[in-house]
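Participant:
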Amino acid sequence: MKKGVTLFLLVALCFVNYRILDTRDQDPFLITDYSRLHPVKVERVVEGKEEEQLLHIIKEARDKNLTVSIAGQRHSQGGHTFYKDGIVVDMTHYKKIISFDPAAKIIRVQAGATWKDIQDTVNPYGLSVKIMQSQNIFTVGGSISINAHGRDIRNGSLIKSVESFRLLNTNGEIIQVSRTENADLFPLVLGGYGLFGIILDVTLTLTEDEIYRMTSDAMTVDEYSKYFLNQVKSNKDIHMHYARISVAPDRFLTDMYAINYTVDKAVPLNEHNALKATEDWVIPTKLLFHFNRSFSWGKNMFWDLQTRFFSTQQNTVISRNNAMRSESEFMEYRGVGKNDLLQEYFIPVDQFADFVHHFKTILQQENMNLLNITVRYVNQDEEATLSYAKEDMFALVCLFNVPLTDQEQQAFKKGIQQIIDEAIRHRGTYYLPYVAYPSLEQFQAVYPRYGEFFEKKDQYDPEHLFMNYFYEQYKGG
Amino acid sequence: MNVKWLIRSQSIVTLAAGMIYPYYLLFLKNLGNSYSKYGLAFAVFTISSAAVSQWIAPRLDRQGIQILVLSSVGMMLAMLAFPWVTSYLWVIFLQVVMGSCSAMQKMSERLLLADHTESGARGTIIGSFHFWTSVSSGFAVILGGYLIDWLSINALFYTSALLYGFSAWAVWRTRIANPVTGE
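One line per chain: the protein sequences are A and B, in this order.
For the first sequence, our numbering begins at 1 and goes up steadily by one.
For the second sequence, our numbering begins at 1 and goes up steadily by one.
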């Protein structure tokens, strides 16, 4: 009897589990990206390993009329890395360091190499990456395709540190692209979301690794722009900076704290430049972040704890390379039928506070579950055709927890479109690697050179061999 | 004969083992870039298990319970160590420890089952033993999946260590109650 009941309970548990886990975002036979939205069947996923093999894939795709999509870590969330019935080239295994010249501060790597691979190579030589995302898990090829930016406030966006790259184009030719060779392609491929060819390898310029002292300051949203201009931007010794806005209901979008990394030449680099290999306190911080995700009291507690933590970290010494490998494991989330999705808005420095006030109203009206807002600074940089930094701007990186059902997605999309309307009203832009919630009209308003971008796409790849959902959703006309 | 204590303590062991086993395989696979390296780690496990069995054999009849306790303590330590492993050599070392513990656990479990049953009346007890240990494993593996999704694989290692510690204590307690038969 006891055995029968136990066995029945186990079978029932399996059945309930099957029902809970039977959602589209959990289908192992479909391909999607980090968002787990819109999974589709693809022809196949091929690991890129050799140049010859990649040439062969292009030829095969042309012969069989298949499309090619290019994937790195697949953290882009808007279907940039796959397309229905096409070939997905997974570049994460194409990751050799081809050459490294410490004296010239130049490194050439295959596109699947991650920032971590580069950091591990250059750190012993006292060198560092100029611009990358705040985490080091992304591939160089992927980061270039989205023209990434990070916490460094002196080096602009990623495009600035790229000297040249080799591109495997739609005709199966390998061409060198730089500001002088095939220069037309340079601003198209950088921030081109994989639509112009496969980036094979990239030559990047590096900078010196250095020692920073971390300090933190608390302020309100209204004070932040002034604080940044007077105390951060004007202090040439502050090389890296980011800030956070409170999402805790008690201080919703009013309180902020900023972290500054100020150069300290008095501290010898070699005493602090051992690269941090593991993440500390993952289990408790992950648990706290779950509370932040699920409960109002969790959001209050998480904000209080992080402000308290940073106030104890005043004057901590950290090397640049260690500051550029920020923790990410505690934010990993595998909720079934729900996901944490990013959105990012670029707002001119003088418009920041007013935008945040309007942003707050929309968030409250639409009841959106915002988990975190990080603020970074990007210098004006209009080199890339699809450039987001039209002037000196603050990037508001917003992490939302969102249900993935069609109905909930529609409601969320409505909220996001209202936020983007506000961003546009404040001369702002939004970032393209995320889910395609913005309307075509909003895309065209924010990226006025869209016509040129898609014309060039048609010119360089008339048969649309390189294909993804970004193209499909925003080509227009 | 009463073997409930054995079934209970070994169900806790399978709870701990069942929770970790499938995910542990994934963890190991992620460490190496090749299946051959993965195979090697498992070969080491079997070698140590085989070698240790020969050391245990002459002691088994006298010290079955102590060996069972030792196997759980050894597994607890291995589970506590896994999250801190940073090199393949450490993995190999832990595979040696776990292979030894596996030999100790399997051999003493079989011995105690035989000692506490009589020829001709073993079927029901062995059936019960298998049922409860398998069912524990089933619950454990479902729970393990949720634990990794919610926290991390390290949380699973620590939970498993806790259960191994608990099973060691459960067996040890029985031994104190009756040092000869364990009942």
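C-beta: ideal position from N, C-alpha, C; glycine also.
Tell me which residue opens and which closes the alpha helix (DSSP H) that VAL484/A is part of.
Facilitator: Since the first residue of chain A shown is 1 and the last is 477, residue 484/A is not available in this structure.
Participant: Per DSSP, which one or two residues make a beta bridge with TYR257/A?
Facilitator: Its beta-bridge partners are ALA218/A, ARG244/A.
Participant: Counting Cβ pairs, one atom from each stretch, are 3 or more of them under 8 Å apart for the segment 61 to 68 of chain B and the segment 100 to 108 of chain B?
Facilitator: Verdict: yes, contact present.
Participant: Three or more C-beta pairs closer than 8 Å, one from the segment 157 to 174 of chain A and one from the segment 433 to 452 of chain A: is that the case here?
Facilitator: Segments in contact, no.
Participant: Compare the Cα-Cα distances from ILE153/B to each of PHE289/A, THR6/A, VAL282/A and report the closest residue.
Facilitator: It is VAL282/A.
Participant: Quick one: what does DSSP say MET393/A is sitting in, helix, strand or coil?
Facilitator: Correct three-state label for MET393/A: strand.
Participant: So ASN372/A is in the beta strand (DSSP E); what residue range does that whole segment cover?
Facilitator: Where ASN372/A is concerned, the enclosing beta strand (DSSP E) stretches over 369 to 378.
Participant: Any Cβ of chain A within less than 8 Å of the Cβ of ASN30/B?
Facilitator: Taking Cβ atoms only, chain A never reaches closer than 8 Å to ASN30/B, which makes this a no.
Participant: For GLY99/B, does the count of other Cβ atoms within 10 angstroms reach 16, so buried, or fall short, so exposed?
Facilitator: Buried.
Participant: Along chain A, in chain order, which residues have C-beta atoms closer than 7 Å to that of TRP199/B?
Facilitator: Absent from the model: residue 199/B. The displayed extent of chain B is 1 to 183, so no value can be given.
Participant: Could you run through the segment 414 to 438 of chain A and flag, in chain order, every residue whose CB is less than 9 Å away from some CB of chain B?
Facilitator: If the cut-off is 9 Å between Cβ atoms, the segment 414 to 438 of chain A has nothing near chain B.
Participant: Looking at the secondary structure, which residues open and close the alpha helix (DSSP H) in which ASP63/A lies?
Facilitator: Segment 51 to 63, the alpha helix (DSSP H) holding ASP63/A.
Participant: Under the assumption that VAL5/A contacts ALA111/A (Cβ atoms under 8 Å), give the Cβ distance between them as a whole number of angstroms.
Facilitator: With 8 Å as the limit, VAL5/A and ALA111/A do not qualify as a contact, their Cβ atoms being about 57 Å apart.
Participant: In chain order, what residues of the segment 19 to 50 of chain A put their CB closer than 8 Å to some CB of chain B?
Facilitator: For the segment 19 to 50 of chain A, which is checked against every Cβ of chain B, not one residue is closer than 8 Å.
Participant: With the cut-off set at 8 Å, would you say GLY197/A and ASN230/A are in Cβ contact?
Facilitator: No, the pair does not count as a contact, with Cβ atoms beyond the cut-off.
Participant: In angstroms with no decimal places, state the Cα-to-Cα distance between ILE98/A and VAL109/A.
Facilitator: Looking at the two C-alpha atoms, the distance is approximately 5 Å.
Participant: Counting only beta-carbon atoms, is ALA155/B nearer than 8 Å to chain A?
Facilitator: Taking Cβ atoms only, chain A reaches closer than 8 Å to ALA155/B, which makes this a yes.
Participant: Do ARG154/A and SER134/A have their beta-carbon atoms positioned less than 8 Å apart in this structure?
Facilitator: Result no, Cβ atoms of SER134/A and ARG154/A do not sit closer than 8 Å.
Participant: I want to verify the contact list: residues of chain B whose CB lies under 8 Å from the CB of VAL5/A, in sequence order.
Facilitator: Going along chain B, no residue has its Cβ under 8 Å from VAL5/A, so there is no contact; the nearest lies around 11 Å.
Participant: Using a Cβ-Cβ cut-off of 8 Å (strictly less than) and excluding sequence neighbours within five positions of VAL180/B, which residues of its own chain qualify?
Facilitator: Unreliable positioning characterises VAL180/B in this predicted model, as indicated by a pLDDT of 48, which lies under 50. The coordinate reading is nonetheless provided below. Excluding residues within five positions, none has a Cβ falling inside 8 Å.
Participant: Note down, in chain order, all residues in the segment 112 to 123 of chain B with a beta-carbon under 8 Å from any beta-carbon belonging to chain A.
Facilitator: Residues: none.
Participant: Compute the beta-carbon to beta-carbon distance between ALA41/B and GLN95/B, rounded to the nearest angstrom, for a pair I have assumed lies under 8 Å.
Facilitator: Indeed, because the Cβ distance is near 5 Å, the residues count as touching under 8 Å.
Participant: Can you tell me which of the three DSSP states ASP115/B falls into?
Facilitator: The answer is helix: DSSP assigns ASP115/B an H, G or I state.
Participant: Name the chain A residues that come within less than 9 Å of SER152/B, Cβ to Cβ?
Facilitator: Going along chain A in sequence order, the residues near SER152/B (Cβ under 9 Å) are VAL282, ILE283, LYS286, GLU329, PHE330, GLU332.
Participant: How close, in whole Å, do the beta carbons of PRO102/A and LEU66/A come, if the pair is a contact with beta carbons under 8 Å?
Facilitator: Contact flag wrong, Cβ pair sits at about 42 Å.
Participant: Is LEU151/B near MET19/B, with beta carbons less than 8 Å apart?
Facilitator: Result no, Cβ atoms of LEU151/B and MET19/B do not sit closer than 8 Å.
Participant: Spatial neighbours of LYS457/A within its chain, please: CB distance less than 6 Å, with the 5 preceding and 5 following residues excluded, ordered by chain position.
Facilitator: The residues are LEU195.
Participant: Would you say ALA248/A reaches chain B, if we count a Cβ-Cβ gap shorter than 8 Å as a contact?
Facilitator: Closer than 8 Å: no.
Participant: If the cut is a Cβ gap below 7 Å, which residues of chain A does ASP149/B touch?
Facilitator: Result: ARG334.
Participant: Just to confirm the assignment, what range does the alpha helix (DSSP H) spanning SER145/A have?
Facilitator: Element bounds for SER145/A: 140 to 145.
Participant: Can VAL135/B be considered in contact with the ligand ADP, in the sense that its beta carbon sits closer than 7 Å to one or more heavy atoms?
Facilitator: The ligand ADP is not among the ligands present in this structure, which contains no ligands whatsoever.
Participant: With DSSP as the reference, please indicate the residues paired to ASP152/A in a beta bridge.
Facilitator: In the DSSP output, where bridge partners are listed per residue, ASP152/A has MET240/A.
Participant: By Cβ distance, which residues of its chain are closer than 6 Å to LEU68/B, with the 5 residues on each side in sequence left out?
Facilitator: Cβ neighbours of LEU68/B beyond the five flanking positions: SER108, VAL171.
Participant: Look up PHE346/A in the DSSP assignment and say whether it is helix, strand or coil.
Facilitator: Strand, per DSSP.
Participant: Can you give me the start and stop residues for the alpha helix (DSSP H) that ASP149/B sits inside?
Facilitator: Where ASP149/B is concerned, the enclosing alpha helix (DSSP H) stretches over 123 to 150.
Participant: Can you tell me whether VAL336/A is helix, strand or coil according to DSSP?
Facilitator: Here VAL336/A sits in coil by DSSP.
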